[in-house]
């Protein structure tokens, strides 16, 4: 028995040394995404995109002479879990910077934790305006808030001859924020806003809402939610004989998945999106886009996921650029360095501008927004 | 008016599926007195069996349905034999905890095997709906309604008109007397749980193609199933069917004329009212005590 007692401290010491060296050799980046629950599909795509960025950076020697290591946690599409996961990543894994948390409600739940522990986070997907206007200086967003989407869409409303629109939105910060920003823009353009219908994030049967929308005198419905619910909405709208024009927002549509799963029901729908994997040459950064798409396909992932996964890819590259600029993997230095980066994202240059109340501004970059239309199961671009 | 008619049609279609969810649970929860938290997982399981059989094995859609029902029956029998049989006679809390554990383990298993990305099943039905004047309904949903109605009738006859059903009712009324009368009590427990499970799997197999299939799809279904069973009265098949339609009507009219934001709340408001004013359920038979 004596050897056990002698061995135990030795093992503990070895483990501590190994653990210690592993820490010193890698730079950890916390990734807080929904891998289960209502947004599992989207969150998984973002994580896969993040892994491509990490592998690419590590293949080129890492940053500051160290490899980067993604510490990935599942926030279960649940705001409470998202906050708990952020706390775990910061206090237990000691990550100096985070990326997350996909949904607006998830991100908003994480934000107080960033203030509490003074750790910065790159927001890769969320579009609620509140995220960058409430005075949280640890937030750096690369996705377009719904006001930017609405502003981009403003240019085409005359061409689409919008007269009266209804909304069907997911009942959370994302959906409600979109309805608010788009309504404001529509009213400025003299377009009447009809009813605003909502749906629970886990709801699968939207027939009741769609039946009501079928009965109104609006000619267009603006729909905001992620791919799985969109698929169901298109199928159920077709089953109800709803023939209005549907335009979706938010950039989480995965149009190829919609075409595959909703079939003919997807024809004629339009989507505001933030990435153009179908037309790499029309993106702001064709070379990087082609590399990313090739790598995505090489790993055997579904092409449909590209429109979502590019956010994870750009998010991690943004984080890495900030760490590089900071010269050390410490939260305060990374936060300060975020303001100085200028990288070529797959959807435009990522440069943070100040947003929100003076003295505690959040960072917001200005990505592009595109409008695409599905016709006969094919994706076509509309000029905004 | 046409909007109202459309809501009524929706209610019929939705109510049929709710009824199907309810009767499987009312058998296990109401008759066996097992709080079956695996009901939702079995629903998910039936849907995934459809996906595997139709898309990976290339079997015809209509043949896949009975296969999913059989698979649900087998999984249900396995759960009863492995988890519930050793626990027979233990208190309801112990059984409930074990069933919660089984629910979490099986749901995580589904996530591990199939991943979190939703799957969809293609059906042989035309995408264009059946249009009846101002209202329209999809052929698939009509088929689901018809299949659900058939399954409900078969279950009703099985419980009320067959020897097995008679033995089932006898066993859960008085376990010892039934045993003395020559009923194979162990067999009755297993078959009741298996039948309830196969109904859950059938609901999943029918509704999976209507919606999309993902590991947590059963959670919402299970919540609704429990609501329906409470609404209709424990162990009452007719009550579960009517409860299903009442829940569907409340949701449909609530979303259509009150607020879609509170759609899911409508059903539960009714449940709270039922629990306050008629705690045994709307259609509970007078129960034999002791």
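Protein chains in written order, with this note's numbering: chain L, 303 to 686; chain W, 484 to 773. Heads up, the beta-carbon is just placed ideally off N, CA and C, and yes, glycines get one too. Everything numeric in this text was worked out from a predicted model, so none of it was measured.
In this structure, the CA atom of residue 510/W is about 28 Å from the CA atom of residue 594/W. Residue 666/L: member of the beta strand (DSSP E) spanning 664-666, first to last residue. Chain W places no beta carbon closer than 8 Å to that of residue 406/L, leaving this residue out of the contacts. Judged by pairs of C-beta atoms under 8 Å, the stretch 485-503 of chain W touches the stretch 501-511 of chain L, as three or more such pairs exist. Runs of the alpha helix (DSSP H) lying entirely within the stretch 500-576 of chain L and spanning at least 4 residues, in chain order: 509-516, 529-541, 557-564. Taking 8 Å as the cut-off, the Cβ atoms of residue 674/L and residue 575/L count as close. Chain W has no Cβ within less than 8 Å of the Cβ of residue 393/L. Annotation for residue 720/W: the continuous alpha helix (DSSP H) segment containing it runs 720-736. Residues of the stretch 500-519 of chain L with a C-beta atom less than 8 Å from some C-beta of chain W are 500, 501, 502, 504, 505, 506, 507, 509, 510, 511, 513, 514, 516, 517, listed in chain order. In the structure shown, the three-state DSSP call for residue 678/W is helix. Non-local C-beta neighbours of residue 464/L in its own chain, meaning closer than 6 Å and more than five positions away in sequence, comprise 493, 522, ordered along the chain.
Across the stretch 604-620 of chain W, CB contacts with chain L closer than 7 Å involve 610, 612, 614, 619, 620, in sequence order along the chain.
As computed with DSSP, residue 423/L is found in a beta bridge with 400/L, 441/L. If you compare the alpha carbons of 641/W, 762/W, 502/W with that of residue 723/W, the shortest gap goes to 502/W.
Apart from the 5 residues on each side of it in sequence, residue 565/W has no Cβ closer than 8 Å to any other Cβ in its chain.
Residue pairing by DSSP puts residue 655/L in a beta bridge opposite 666/L.
Under the three-state reduction of DSSP output, residue 493/L falls in the coil class, being neither helix nor strand.
Its Cα nearest to that of residue 516/W, the residue 709/W stands out among 697/W, 730/W, 591/W, 709/W. Under the Cβ criterion of 8 Å, residue 747/W is counted among the residues facing chain L. Segment contact: the stretch 745-764 of chain W against the stretch 547-556 of chain W, fewer than three CB-CB distances shorter than 8 Å; contact not assigned. Collapsing the DSSP output to three states places residue 597/L in a helix. Taking each of 468/L, 467/L, 482/L in turn and checking the Cα distance to residue 474/L, the smallest one comes out for 482/L. Per the DSSP secondary-structure output, residue 683/L pairs in a beta bridge with 674/L. No Cβ of chain L is located within less than 8 Å of the beta carbon of residue 537/W.
Here residue 646/W carries a helix assignment [DSSP, helix/strand/coil]. Under the DSSP assignment, residue 760/W falls outside any beta strand (DSSP E), being part of the alpha helix (DSSP H) whose first and last residues are 746-760. In this chain, the beta strand (DSSP E) harbouring residue 330/L covers 328-335.
For the pair residue 431/L and residue 573/L, the Cα-to-Cα distance works out to about 20 Å.
Closer than 8 Å to the CB of residue 678/L there is not a single CB belonging to chain W.
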